[in-house]
Each structure stands twice: as structure tokens, then as C-alpha cells.
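Here the protein sequences line up with chains W and Z, keeping their order. Under the numbering used here, the first sequence is numbered contiguously, ending at residue 63. Under the numbering used here, the second sequence is numbered contiguously, ending at residue 398. Virtual Cβ for every residue (Gly too), placed ideally from N, Cα, C. Working notes for the structure below.
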Amino acid sequence: MQVVVDMNKCQDHGQCVFAAPDVFSFDETGRLAYVADPDEALRADVEEAADVCPLQAIRIEG
Amino acid sequence: MSTAPVVVAGASMAGLRTAEQLRAAGWTGPITLVGDEPHAPYNRPPLSKEVLAGKAGFDSLAFRPRAAVADVEWRLGTSVVRADLARQAVELSDGGSLSYTALVAATGMRPRRLRCPGPTAGRHTVRTLDDAQALREALTAPGVRVVVVGAGFIGCEVAATAMALGAAEVTVVDPLPLPMAGPLGELLGGALKRRHEQRGVRFALGCGVTGFEGEGRVTGVALADGRVLPADVVVESVGSIANTEWLDGNGLDLADGVLTDEHLRVGGRPEVVAVGDVARFPNARYDGVPRRVEHWSIPTDTAKHAARVLVAHLAGTQHGLDPFAPLPTFWSDQHDFRLQSFGAPALGREDVRVLDGDPDGDVLVGYHHRDRLIGVVALGGQQAAAAAARYRAELLRQPAPTA
Chain W
2 MQVVVDMNKC QDHGQCVFAA PDVFSFDETG RLAYVADPDE ALRADVEEAA
52 DVCPLQAIRI EG
Chain Z
-4 MSTAPVVVAG ASMAGLRTAE QLRAAGWTGP ITLVGDEPHA PYNRPPLSKE
46 VLAGKAGFDS LAFRPRAAVA DVEWRLGTSV VRADLARQAV ELSDGGSLSY
96 TALVAATGMR PRRLRCPGPT AGRHTVRTLD DAQALREALT APGVRVVVVG
146 AGFIGCEVAA TAMALGAAEV TVVDPLPLPM AGPLGELLGG ALKRRHEQRG
196 VRFALGCGVT GFEGEGRVTG VALADGRVLP ADVVVESVGS IANTEWLDGN
246 GLDLADGVLT DEHLRVGGRP EVVAVGDVAR FPNARYDGVP RRVEHWSIPT
296 DTAKHAARVL VAHLAGTQHG LDPFAPLPTF WSDQHDFRLQ SFGAPALGRE
346 DVRVLDGDPD GDVLVGYHHR DRLIGVVALG GQQAAAAAAR YRAELLRQPA
396 PTA
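Right, here's the structure in full:
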């Protein structure tokens, strides 16, 4: 599973961080950081994160 | 005989999410989505902000449906005009009909319109992609004077966007004394008003609209106090009406949306659910009073719960879910600031406390019910929104307040 976030769309709502804290987080500067190739066991969380992104900036490939 | 489909009436966000969640919950049978708009499901919030401002294209709004729903049938440009719940069948606007195994009511809302006298040309609403395209065209004409009727979410967002687009004048009219007073209360309503005014937006508050002036096309908005505001463009953002007429005649409570039980089921029928902002559901997290909720998060929350309940019923198993109890959340981007809410501030408007910052800068406000925090709203920049998020876990942990 590959996760791609369109950082041009991302507006730091942070809903993905609530949905999948093992994959998405904010760094010290308040900018979104994420694991691009999370474990398959986290798929449900990542799908939830993609669903709740207000800008629909998260894409899951594979 | 082949299985009748799960029919989803409404092909917007709530309909799409329900189809996806039906698959995720194990329904492998047919699904048919029926939607009146010609467009595939798209994301609506940018219609009053980024897309209206021209920062993002209309084509950027389309949802990417999950692969699991690649086989569903889409009936776009068609609406469900009637349902016979006893016969488990619906009639469509194209004259066709469908039998269903289960029915999902996801028909959403339409904008309420002002009924005062006067021309209709030049008056806009913002609900659909087509609405926003027409409004963008009107707002980008040089030197336009804009009157926004209704100081709620959409009205405040459109006013901000119109200023950014270079409108000559933007005035927001509302019978209430402050913008967004319903969801936010006085403290933040006042702070919001000052911020808009500092950025050039004018207000005519505590005053209703009595009519529209102009021959064939609106040129002014007449107010109850006798004033007439000159207007080239009028935006009506005065709430919305639930699309439930198609369910008439089935003995349902459709007083304000489709009344559901604590598992989003409708009319005591386990094969009928309602999702999205048309659903009037009790939230077990709060007082159990059924309410419609027009937040962006609700289509996804309701879809997940309703789909699990429905699939368990269709499989003849128990769903084993607790009553539906979503934590409400909303945001609104206006000018260069954001409102971010978690919980139910409207239930705690009588006891509002500044938790951090001050109302003219970044501010975090707590709303309390019986001395307990029931909602938070941040107003300001990214730091304020992040501060609100830190209260989310606390709001999630709380037991329901007893009414």
C-alpha cells in the first residue's frame, strides 16, 4: 500500500492524524508528515483518513 | 431470480460513502445510486471558498470512489420521485421503477429561497457545482456590489470570497444581531463580525429582507427598516430544506428530514436507513433529541454506521453496534482565518469561557453544559485550530450529559 498526499491541497486540518495516528502526524513546524508505505494492517485506518480529509488530498495506491 | 439491488436515493457524498461502506461491510450484491445532478459525486465545501475564488478548478472536486464500488450502477440526472416502502419499490423521474432489497435515503438538502417580491435574476444560492459556477461568473464582473442574505456558514464564507475577488461592496444581512450566532453564540459571533469588518465586509444585522428591487433583474435589496441596499449580485444563504417529498405517503415522520432510530433506521423498517444531512437522528453522545446535522463529517459517519446495520440485517446477523454517537466537528475558512469546532458548542452557549488567547487574536473558546465542557471552537490561525484539536480526546471520553 502506498499513500500519497497532495500537499498543494492539504490545509492542515489534521483529521487524518485522528483517523490514522500511526501513519499521519504533524511535525514540530505544524506541517503534515506521513508514512508513505504503511503496513497493510493499517489499511482500514488509512482508508478512514482518506475519507475524512476535508480537501480529499489523500490517495491510496495498491 | 436475481437479487434486487440496494437502492441509494441520492448520489452525492452520503450516497457514495454508503455504497463504499456497504462493500466494506460485506455486501456483494448489486447497488444502484440514483442522483438528480448530472455530475458524479463531488466535494462541496470548496464551492464557497477555493473554487469560488478560482484557486482550484471545478474539476478538482470529484471524489475518487473506492475500487470496491467500481461495479455499482449510477443513474445520474435522475431522481427518485416516489417510494412505496410496503412494496419495497421506488419510481424514478425518467418513468422507470426499481424494486429494492434495501433502501438508503441520501437525498440531502436544497437551499431555502426567500419568498419576497421582486425579480429573481441576479439572485444566487450555493449548493451545487452549477450554482457555484454561475455565482463565480457574477462575482468576477468588475466592481460588483454584493448583498449576502444570511450570516451563517455559507453567507460568511461567500462574503469573504467576494471581497477577495475584488467586489466593490459586500454587505451581509441577517435578522439576528451577530453572524453565526446560532452555532457560536455571542462571544465568537462578535469576534467574527469584527474580523469581517476589518477586512471590508459590511453588515446589516437585526434586520430582515422585505423585497428585491429592479426590473427583470435585481438592482437592490429592500430591508425591513426601509433601507435599500444597491446590489448587482444577491446571494441567498438562508438555510436549507430537506429533500423528503419522495417519501411522502409512507407514514414516516418527515417534519425536518427523515426521522431515524438510534441506528439510522427509518419507520421501524430494518431495510430502510437514512444518511447524510437529510437524516434526523438521535445522538447518544448528547441528549438523545433527534436532529439533522449539516456538517461535512456527517455523510461519512452516518454511512459507516448505517451500512453495517443494513448489511447485518441483510445477512440475518446481529450488528452488535452501540447506538450512533458521532463527535460533531466542523470548520469554516473565511478570509485568512479558520473556525474549527469539536463537540456540540450550540448545546453550551449559555456558559462560554475563553480557554486560551483573546477574541481579537487567536482564541480558543469552551462551551459548557452543567459546568462540563461540551464543545470547543477555535478562531484564528493554524495554531488555534491545533489547540482545539487537543480537546478532542477529552470531548470523546465524556459520557453523555443527562438532560
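- Going by DSSP, Z:T205 is part of the beta strand (DSSP E) stretching over 204 to 208.
- Around Z:N38, the beta-carbon contacts reaching into chain W at under 7 Å are Q57.
- When DSSP states are grouped into helix, strand and coil, Z:V360 belongs to the strand group.
- By DSSP's assignment, W:I61 forms a beta bridge with W:V4.
- The three-state secondary structure of Z:V233, taken from DSSP, is coil.
- Contact note: Z:S43 does not reach chain W at a C-beta cutoff of 9 Å; the least C-beta distance is about 13 Å.
- Within 9 Å of the CB of Z:S92, no CB atom of chain W is found; the nearest one sits about 32 Å away.
- When 8 Å is used as the limit between beta carbons, Z:W326 is near these residues of chain W: H14, P55, in chain order.
- Just so you know, the alpha carbons of Z:Q313 and Z:R189 end up roughly 53 Å apart.
- Only those residues of the region 280 to 309 of chain Z whose C-beta falls short of 8 Å from the nearest C-beta of chain W are listed: W291, S292, T295.
- Secondary structure in the region 116 to 196 of chain Z: the alpha helix (DSSP H) runs of 4 residues or longer, each lying completely within the stretch, are 124 to 134, 148 to 159, 176 to 193 in chain order.
- In this structure, Z:G221 is the residue among Z:L254, Z:E210, Z:G221, Z:T324 with its C-alpha nearest to the C-alpha of Z:C202.
- Counted as a single uninterrupted DSSP element, the stretch harbouring W:L56 is not any beta strand (DSSP E), since DSSP gives it neither H nor E.
- Of all C-beta pairs linking the region 65 to 75 of chain Z to the region 162 to 181 of chain Z, fewer than three are shorter than 8 Å, placing the two stretches out of contact.
- Separation of Z:R107 and Z:H119 (C-alpha to C-alpha, rounded to the nearest whole angstrom) is 11 Å.
- Using beta-carbon distances, W:F19 counts as an interface residue toward chain Z, with a partner under 8 Å.
- In this structure, the straight-line span from the alpha carbon of Z:E345 to that of Z:P40 is close to 29 Å.
- Judged by DSSP secondary structure, Z:D351 falls within the beta strand (DSSP E) whose first and last residues are 347 to 352.
- W:G31 and W:D13 have their C-alpha atoms roughly 8 Å apart.
- A distance below 8 Å separates the beta carbons of Z:V304 and Z:R260.
- Annotated as distal: Z:G338 and Z:A379, with beta-carbon spacing of 8 Å or more.
- CA-to-CA, the gap between Z:Q335 and Z:V358 works out to about 11 Å.
- Judged by beta-carbon spacing, Z:V268 lies beyond the 8 Å limit of Z:P294, meaning their Cβ atoms are not closer than that value.
- Within the same chain, D296 come within 6 Å of Z:P321 by CB-CB distance, once the 5 residues on both sides are set aside.
- Burial state of Z:V284 is exposed, judged by a 10 Å Cβ sphere holding fewer than 16 other Cβ atoms.
- Residue range 324 to 329 is occupied by the beta strand (DSSP E) that includes Z:D328.
- Chain W has a Cβ within less than 8 Å of the Cβ of Z:R12.
- With its beta carbon less than 8 Å from one in chain Z, W:R60 belongs to the interface.
- Put simply, of Z:G315, Z:A279, Z:G234 the residue whose alpha carbon is nearest the alpha carbon of Z:V121 is Z:G234.
- Z:A310 is not a Cβ neighbour of Z:V99, given a cutoff of 8 Å.
- Using a CB distance below 8 Å, the part of the region 369 to 391 of chain Z facing chain W consists of Q377, Q378, A380, A381, A384, R387, ordered along the chain.
- Rounded to whole angstroms, Z:V139 and Z:S74 show a C-alpha spacing of 36 Å.
- Here Z:G180 is buried, its C-beta having at least 16 other C-beta atoms within 10 Å.
- In this structure, Z:E257 and Z:P318 form a Cβ contact; the two beta carbons are roughly 4 Å apart against a cut-off of 8 Å.
- Beta-bridge annotation (DSSP): W:S26 is paired with W:A34.
- The alpha-carbon of Z:G246 is positioned some 42 Å away from that of Z:E208.
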